[in-house]
Structures are given as structure tokens and as C-alpha cells.
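Each residue of the sequence shown is one higher than the one before, starting from 0 at the first, in numbering that gives the first Met the number 0. Built from N, CA and C at the ideal position, the CB exists for glycine as well. For clarity, every value in this text was computed on a predicted model and none was experimentally measured. Just below is one structure, and these are the notes that go with it.
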Amino acid sequence: MKKEFGKWLMDIAKYMVTALLLSTIFADMAEPIIIYMVVILSVIVLGFGLYWVNEGENEINKRSKKK
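So, in C-alpha cells, the structure goes:
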């Protein structure tokens, strides 16, 4: 469960960066604070996603060692 949630968070971070890149290409982004906020937020979400994927892997490894 943790691993799937982490993958979902990583996908959300990927979609945020993609939306940011597309919006800066097709529309003139005059507000650099929005760009910085999206980048920082996507890095935070990516970090949480990587953490949860790692936790899920550790949980799977612990289960396999018990058997």
C-alpha cells in the first residue's frame, strides 16, 4: 500500500512539472513566484513519494524474510 501511494505521489509531481512547462511554453508566465512555488511543491511531493516507495520496499523485504 505504501509503495503504491508513493508511486501516486511521484506521478503527481511529474504532472505538476509537465503542466508548468506546458503553461510557460504556451502562455507567457510573467509571475516567477508561481514557477518557484510549483517547483518547490513538486520537489516536496516527489520527496514524500520516494520516501513512501522506499518504506513500501522495506515492508515487502521484511515480509519475505519472515517466510
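Assumed close pair residue i, residue j - CB separation to whole angstroms, cut-off 8 Å
i	j	result
G46	K1	The Cβ separation is near 15 Å, so there is no contact.
I32	L19	That pair is no contact at about 13 Å.
For residue i, the nearest candidate out of the options (CA to CA)
i	options	result
V16	A29, V44 and E58	V44
V37	I11, A26, F25 and E3	I11
V42	K6, E3 and K13	K13
Close beta carbons around residue i, own chain, < 7 Å, minus the five adjacent residues each side
i	result
L8	V44, F47, G48 and W51
Euclidean distance between Cα positions of residue i and residue j
i	j	result
K64	N57	11 Å
I59	I39	30 Å
F25	K6	28 Å
L21	F4	26 Å
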